[in-house]
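If you read the sequence shown in the numbering used here, its first letter stands for residue 56, the second for the next number, and so on. Just so you know, even glycine gets a beta-carbon here, dropped at the ideal spot from N, CA and C. Before any comments, here is the structure.
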Amino acid sequence: RPYLERRFSVLFGHYEASSQEAVSWLIKVLENLNVALSLNFGSLDLSYLSLQSK
């Protein structure tokens, strides 16, 4: 875990002066990572949901 925290610190330090538009890809990646980690390691049971593509 400390290794991951250091890597995120380096990543955030590198992009902290960038505009939100310039790092929109990073924001999307972190949002998707947050959802993935929440679904895999969270305590909320979402198994009853079915995702259907149109």
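Between which two residues does the alpha helix (DSSP H) holding residue i run?
i     : result
Val65 : 57–70
Ser86 : Looking at the sequence provided, one finds Glu at residue 86 rather than Ser. Element bounds for Glu86: 79–96.
Near residue i, which residues of its chain fall below 8 Å by C-beta distance, leaving aside the five closest residues on each side in sequence?
i     : result
Gln75 : Ile82
Indicate whether at least one CB of chain E lies closer than 7 Å to the CB of residue i.
i     : result
Ile82 : Checking the listed chains, one finds no chain E in this structure; it contains a single protein chain.
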